[in-house]
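Numbering (this note's numbering), first residue to last: 900 to 1047.
In structure tokens, the structure reads:
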């Protein structure tokens, strides 16, 4: 799988509880724009409406070589998930403090897939702890490198 867009801050901002891969309904211009890695998924989230899942607030700019018929860059895009996955995720999102966010958009064969994660927001002290752990790991790796 070749990753075309990723949400790098998601691992820092949220505690990832579960990962799911889903297909996505796109227009031709959106596919071409995403294949050129122009999508921005940092603000994205998943909305559940009438037994369906939609990817909201993901910005896919119009394809630059497209004609006059372009798409709305921030429209809601339908996600292709099994019904049982939609029901399971929607019931967990109904709980307080949980949401579903996109982690990455990737190409799998000829299909564009979205990696989704069920997440819980981290508290400020958890973020500080993560930063401390990263710093310690970085220092330990540097010490081991100097030791060789």
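C-beta atoms are modelled at their ideal positions from N, C-alpha and C, and glycine is treated no differently. The structure presented is a predicted model; accordingly, all values stated were derived computationally and were not measured.
Is it buried or exposed, residue 980, if we count other Cβ atoms within 10 angstroms and call 16 or more buried? Burial call: buried.
Rounded distance between the beta-carbons of residue 992 and residue 1015, thought under 8 Å: Between residue 992 and residue 1015 the Cβ distance is about 11 Å, and since that is not below 8 Å, they are no contact.
The beta strand (DSSP E) spanning residue 945 covers which residue range? Where residue 945 is concerned, the enclosing beta strand (DSSP E) stretches over 944 to 948.
Alpha carbon to alpha carbon, what distance is there between residue 1018 and residue 1001? Roughly 10 Å between the two C-alpha positions.
If you check the beta carbons only, do residue 1029 and residue 911 fall under 8 Å apart? Yes, these two residues count as a Cβ contact at 8 Å.
Got a sec? Which residues, its chain only, sit under 7 Å from residue 920 by beta carbon, not counting five neighbours each side? Within the same chain, residue 920 has close Cβ partners 1012 and 1014.
Are the Cβ atoms of residue 929 and residue 959 separated by less than 8 Å? The answer is yes: Cβ separation under 8 Å.
Are the Cβ atoms of residue 985 and residue 951 separated by less than 8 Å? Annotated as proximal: residue 985 and residue 951, with beta-carbon spacing under 8 Å.
Helix, strand or coil for residue 1028? Go by DSSP, reduced to three states. The answer is helix: DSSP assigns residue 1028 an H, G or I state.
Considering only their Cβ atoms, is the gap separating residue 987 from residue 955 smaller than 8 Å? Contact flag unset, no.
On the DSSP bridge assignment, give the partners of residue 905 in chain order. According to DSSP, which records beta bridges pairwise, residue 905 is partnered with 1003.
Would a C-beta distance cut-off of 8 Å place residue 1006 and residue 903 closer than the cut-off? A contact, by the Cβ cut-off of 8 Å.
What would DSSP say about residue 981, mapped onto helix, strand or coil? Here DSSP, grouped into helix, strand and coil, assigns residue 981 to coil.
Tell me whether residue 952 sits in a helix, a strand or coil according to DSSP, three-state version. Residue state, collapsed to three classes: strand.
For residue 1015, the residue or residues it bridges with in DSSP: DSSP output for residue 1015 lists 919 and 1001 as bridge partner(s).
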